[in-house]
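Participant: Here it is, the structure in full.
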Amino acid sequence: MLSENAVKEIGLIRNKYHDVQSSLLPALYVVQREHGWLSPEALKEVGEILNVPKAEVKGVSTFYSMFRHKPMGRHLIQLCTNVACMIMDAERLVDILKSRYGLEPNGTTDDGRFSLIIMECIGACGTAPAMLVDTDFHDNLTEKYIEEILAKYK
Amino acid sequence: MITVTINRKKINLEKPVTILKAAGMAGIEIPTLCHYEMLEAYGGCRLCLVEIEKMPRLQTSCTQYVTDGMVVWTETERVVEARKAMLEFLLINHALDCPYCDKAGECELQDVVAKYGPTTGRFAEGKRRHPESFDDPIIVRNMERCISCTRCVRMCSKVQGACAISMVNRSSKTFVEPFSGGRYDCEYCGNCLTVCPVGAIMSRMHRHAYRPWLIEKEIDTVCSFCGVGCSMVLQARGNSIVRAVPGESAGSNKGLLCNRGRFGYDYVGSSGRLDSPMIKRDGKFQRASWSEAFIYIADRLKKIKDENGGGSIAGIASGRCTNEDGYVFQKFMRAVLGSNNIDSVASFGYAQAQRFFEGIFGQGVTANPMRGISNSDGVFVVGDDPTAVNPVLGLQIRAASHKGVPVVAAGYMPGLRMFATSRLIPRPFTETALLSALVTELRNVKGISGKGPFERVIKDIPSVSLHEAEDACGIPSEDIRSAVDALSHMTNPSIVIGRDILQKPEGQTNLLLLAALISLLNSRIYLLSELPNEQGLVDMGCLPDMLPGGRHLAVESFRRRYEEFFGVDIPSSPGMGIMEMIEAAHAKKIKALYVMGEDLVYNMPDSAYVKAALSKLDFLVVHDIFMTETAGLADVVIPSLSWAEKEGSYTNLERKMQLVRKAVEGKGMEDWRAVAEIGKLLGFDMDYKSSGDIMAEIAKVSPLHKDITYEDMAGGECLWPYKGEPLRHGMSLEGIEMPDKDSLLKRPEKDRIYIGIDKPLFHFENLSRNSAALSSIAPEPYVNIGKALADKLSLAGGDLADITTGTGSLKLSVQVDPDVPESSIRVPDNFGDKGAYTIMSWKINSAIKAPVADATGVAIEKIKRAAEEAAV
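Protein chains in written order, with this note's numbering: chain A, 697 to 850; chain B, 187 to 1058.
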């Protein structure tokens, strides 16, 4: 079930666009922000609020890789391992996440605190390696720095 | 004028069309996979690439429009190479399991690969795997074969409007899926099966059952599951139907079908079919020979007629019978037995609505081609849900909505939820208040001169304000206002009317208000018709007061014409209607009833009462294809032929006459032949050799069907009056009673729950219970309850509830639908002893004599399931 606020926000989004299809992506973001992922029930609910067929909602949401279709941890780490970050030893950070937090790529920690997704480029090649935690951006990551950052996310 | 040259052939065009279309006109074939005539161009398969001079790259001919002077080449080396490359891409992941794919032989991919395709691929990686999905009772999805042409998705969303499937994921992991990923939540129209070019979407019924090239017969016929009369082709092998596919010939469906038409035919081959006449002796049915049964019936009817007169015998025809059956049956009743007691379930509203509108606006006014709906600039729908009663007609309304035309839906219509611009759902039995508010407002907006006779009537209708209407029917006045705004801007609208609006205590008033709306809006009329030949029964005189050709019995000159033709006198006073017959049977006023193909017990309200009435008859004859509840009460049962086993004609709701053709042999007898045999035994000349003989007689005697022939019908545009006499004019305002204001504003009684008849898309009368396919989609009866009532009774979807009325009690599975009007529940009438009619009584509404199914004082109680009880 979506919260009252989310339903209200989606209602406002709907009125912003000429057709309801256009309001679908922003509405899905609202749900993902609230739940961390898009459950089938949530997709159905969004469809009902916007009067978009639920199959179409599913088609759209599964097309875009930024939407998650399985439960995620409370905080989502999106770590880049593309060329610049790789050169700056991002793979080492992946290992650290695995050894110290038990966090595998595409996995979630047992306590449900973090999920990890390996990203392609996030546009921070000059200050690599870089990652996103939820919507916060962090760069110039080091072994020590990443631990300090993650300590802030409970 | 545009001149385009394709492969050296010059083509002149008035309007710009796509290269693909222009080539088609010139007989030049361009291969396609994602293109489908009915759907918007997609340009995805890249198979229709052509070379256009002065354009550097190849272009997709399905999206590229021709321009003057354009020179196109469709089969150059470059084009052929490109097609080959495209096919190589498609085959990277296509399963290539042609030896056991059911599509082989009619697979479009197979055909183009045979023509252009690479014999080997260069792609070294393995093919994607995706298990075939058997989660659905009807549709089998094999996504390893899918080529992502999206024809099914476009068909489902843009034409059918079910929007049940979509392309999920992306790139090589793109698959077609319903929302659940498994079972479909859809309308099962199967139009995705029609458009799938490969074997990715197939139906379970045809799985490994046959190969396309093994089909022995293809019969062009008409669907028998509603009054739309879609053209269909029955494909048969040996003596069984293997598949029904949409036909392109006469019907208005243009290549579409609904679930009933496509999958429901399997009852024809059911093991439960009657195969021999039966005579009941000492309370037990015994098999009898045809002649034995006919002699028995003739003797009994003759005795009853001699002793009690023809008026003691009544006949009921079925809307599944052909025109020929209907004509012979009424001739038998009137001429042979001397009784005008003949009627059918067409008198449950359809016939009355038609007669009323014809009386005011003129004969034939309700006969309009269906495409008129999608061509109009506004649609007003009232009564039943057209997308369930007449699914393919419903698609016309959805098509209008897709064009951006306003659709005002008054009543419970779940199939138009996504398509109606105004949805007005009144409380039970308060449609009258809503309609009179619409009439009042439109009368003000449009203004009437008040000069014509009917305009004077409209002027006299009491005014009902929006607030008064809101008070009575519970629809916010601003919603009614916006509907009025939409309606008043329509210049060329269509009104679609379901019979539900007539089956009300105020049915007559509703008709008058609708006629006023039709006049004010100057709109075309469409009457929903639940049975394939409801219109035909009306035309053939299967009515207590009308003779074939739509003329009243009381018109002396007309009656004389038939009397001369039949060579006997016809009683001049109208007979009993279907509801009166049942009452008369109960009161023992009629002694014998001849039922041609109708299951009265379950297709009429109050099954127990009907059953009791039929049991009181001295003699009951029933024709049917199954041993129905009604047939079980009969003294003699005659096995009929189903529509797929006989020749004849149906008249659809557009009044288009279409041919029904025999696809397989049945063990029964045509209804007309059996009736004629009995007629002959009673000393009457009814020597018809074929259904064609009967149509020849109809063409001779009925003014509406003058000179009509089967050849004309095969042509597809055979709307009567064919070459007939001019139609009657309207403006007979006799019998119009002006309602007073109080009757317009009647409200439902407080704290009372009303039962409405639900019309499920997946079922047809009580016949479809015999279809394994349709039963697999919707196996169990249900009760549809609104959100507020469900919450009050703490019922949730899937619960069992006990529904009790003064008439009976049913245990039904609960469905919750927020659209169900408050203080009402909806129960379908298609489930025999678990149908709505078993718990509803009826009365006849005053002037139009349509039955008002009524259930007052309904009690609903949640039943605890065994597991829950154990937990407590």
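Cβ atoms here follow ideal geometry from the backbone N, Cα and C, with glycine treated the same way.
Please report the residue range of the alpha helix (DSSP H) in which I922 of chain B lies.
Facilitator: Careful: I922 of chain B lies outside any alpha helix (DSSP H) and carries neither H nor E.
Participant: Return the first residue and the last residue of the alpha helix (DSSP H) that L746 of chain A is part of.
Facilitator: From DSSP, the alpha helix (DSSP H) with L746 of chain A extends over 736-746.
Participant: Provide the residue span of the beta strand (DSSP E) that contains G834 of chain B, from first to last.
Facilitator: First-last of the beta strand (DSSP E) with G834 of chain B: 834-837.
Participant: Report buried or exposed for W858 of chain B, applying the criterion of at least 16 other Cβ atoms within 10 angstroms of its Cβ.
Facilitator: Buried, by the Cβ-count rule.
Participant: Going by alpha carbons, who is nearest to D830 of chain A out of A:G769, A:M782, A:A820?
Facilitator: The shortest C-alpha separation from D830 of chain A is found at A:G769.
Participant: Is any beta-carbon of chain D found at less than 9 Å from that of A751 of chain A?
Facilitator: As a matter of chain content, chain D is missing from the structure shown, whose protein chains are A and B.
Participant: With 9 Å set as the bound, which would you pick, yes or no: does the beta-carbon of P364 of chain B sit closer than that to a beta-carbon of chain A?
Facilitator: It does: the Cβ of P364 of chain B has a partner Cβ on chain A nearer than 9 Å.
Participant: Note down, in chain order, every chain A residue with its Cβ under 7 Å from the Cβ of S352 of chain B.
Facilitator: Correct list: A751, E752, K754, G755.
Participant: Can you tell me where the beta strand (DSSP E) with K1029 of chain B in it begins and where it stops?
Facilitator: Segment 1027-1030, the beta strand (DSSP E) holding K1029 of chain B.
Participant: By DSSP's criteria, G501 of chain B is part of a beta bridge. Which residues make up the other side?
Facilitator: In the DSSP output, where bridge partners are listed per residue, G501 of chain B has B:I528, B:Y780.
Participant: Based on Cα-Cα distance, which residue from B:D254, B:T218, B:K240, B:E200 lies nearest to T336 of chain B?
Facilitator: Residue B:T218 is the option with its Cα nearest to T336 of chain B.
Participant: Is there at least one non-hydrogen atom of the ligand GTP closer than 8 Å to the beta-carbon of D371 of chain B?
Facilitator: In terms of ligand content, the structure shown is empty, and the ligand GTP therefore cannot be addressed.
Participant: What is the rounded straight-line gap between the Cα of I792 of chain A and the Cα of L772 of chain A?
Facilitator: If you take the alpha carbons of I792 of chain A and L772 of chain A, they lie about 16 Å apart.
Participant: Name the chain A residues whose beta carbon is nearer than 7 Å to that of C349 of chain B?
Facilitator: By Cβ distance, chain A contributes P749, A751, E752.
Participant: Taking the alpha-carbon positions, what's the V551 of chain B to L839 of chain B distance?
Facilitator: Going from the Cα of V551 of chain B to the Cα of L839 of chain B covers about 12 Å.
Participant: On a CA-only basis, which of B:D873, B:C412, B:A348, B:A474 is nearest Y451 of chain B? Give me that one, please.
Facilitator: It is B:C412 whose Cα lies nearest to the Cα of Y451 of chain B.
Participant: Which residues of chain A have a Cβ atom closer than 9 Å to the Cβ of N789 of chain B, listed in chain order?
Facilitator: By Cβ distance, chain A contributes nothing, its closest Cβ being about 34 Å from N789 of chain B, past 9 Å.
Participant: Could you tell me the boundaries of the alpha helix (DSSP H) in which V790 of chain A lies?
Facilitator: Unbroken alpha helix (DSSP H) run through V790 of chain A: 786-797.
Participant: Residues of the region 590-613 of chain B with a CB closer than 8 Å to any CB of chain A: list them in chain order, please.
Facilitator: The region 590-613 of chain B vs chain A, Cβ under 8 Å: M604.
Participant: Taking only beta-carbon atoms, is F759 of chain A less than 9 Å away from chain B?
Facilitator: F759 of chain A counts as touching chain B.
Participant: Under 8 Å, with one C-beta from each stretch per pair, do the region 376-383 of chain B and the region 339-354 of chain B reach the 3-pair mark?
Facilitator: They touch, by the three-pair rule.
Participant: Which residues in the same chain as L155 of chain B place their Cβ atom closer than 8 Å to its Cβ, once the five residues preceding and following it in sequence are excluded?
Facilitator: This structure does not reach residue 155 of chain B, given that chain B is present from 187 up to 1058, and the question cannot be answered.
Participant: Do S622 of chain B and V414 of chain B have their beta-carbon atoms positioned less than 9 Å apart in this structure?
Facilitator: No, the Cβ-Cβ distance between V414 of chain B and S622 of chain B is not below 9 Å.
Participant: Taking the runs of the beta strand (DSSP E) that are 3 residues or longer, which of them lie wholly in the region 385-451 of chain B?
Facilitator: Counting only runs of 3 or more, we get 387-389, 403-408, 417-423, 426-432.
Participant: Could you pull out every unbroken beta strand (DSSP E) segment of at least 3 residues lying fully inside the region 537-593 of chain B, listed in chain order?
Facilitator: Whole beta strand (DSSP E) segments, 3+ residues: 565-568.
Participant: Quick one: what does DSSP say Q129 of chain B is sitting in, helix, strand or coil?
Facilitator: Any property of residue 129 of chain B remains undetermined from this structure, which presents chain B solely from 187 to 1058.
Participant: Quick one: what's S826 of chain B bridged to in DSSP?
Facilitator: Looking at the DSSP assignment, S826 of chain B forms a beta bridge with B:M855.
Participant: What does R356 of chain B reach in chain A if we use C-beta pairs closer than 9 Å?
Facilitator: Within 9 Å Cβ-Cβ: T758, F759, Y760, S761.
Participant: With H, G and I counted as helix, E and B as strand and the rest as coil, what does DSSP make of P691 of chain B?
Facilitator: If DSSP states are grouped into helix, strand and coil, P691 of chain B belongs with coil.
Participant: Who does P1014 of chain B pair with in a DSSP beta bridge?
Facilitator: Answer is B:D944.
Participant: Could you tell me the boundaries of the beta strand (DSSP E) in which E749 of chain B lies?
Facilitator: From DSSP, E749 of chain B is part of no beta strand (DSSP E) but of the alpha helix (DSSP H) over 742-752.
Participant: Quick check: S358 of chain B and R314 of chain B, are their CB atoms within less than 9 Å of each other?
Facilitator: Result yes, Cβ atoms of S358 of chain B and R314 of chain B sit closer than 9 Å.
Participant: Buried or exposed: where does N970 of chain B fall if 16 or more other Cβ atoms within 10 Å of its Cβ makes it buried?
Facilitator: Buried: at least 16 other Cβ atoms inside 10 Å.
Participant: Where does R340 of chain B fall in DSSP's three states?
Facilitator: The answer is helix: DSSP assigns R340 of chain B an H, G or I state.
Participant: Taking its Cβ as the centre, do 16 or more other Cβ atoms sit within 10 Å of P304 of chain B, making it buried, or is it exposed?
Facilitator: With fewer than 16 Cβ atoms within 10 Å of its Cβ, P304 of chain B is classed as exposed.
Participant: Who are T204 of chain B's beta bridge partners in DSSP?
Facilitator: Partner(s): B:Y251.
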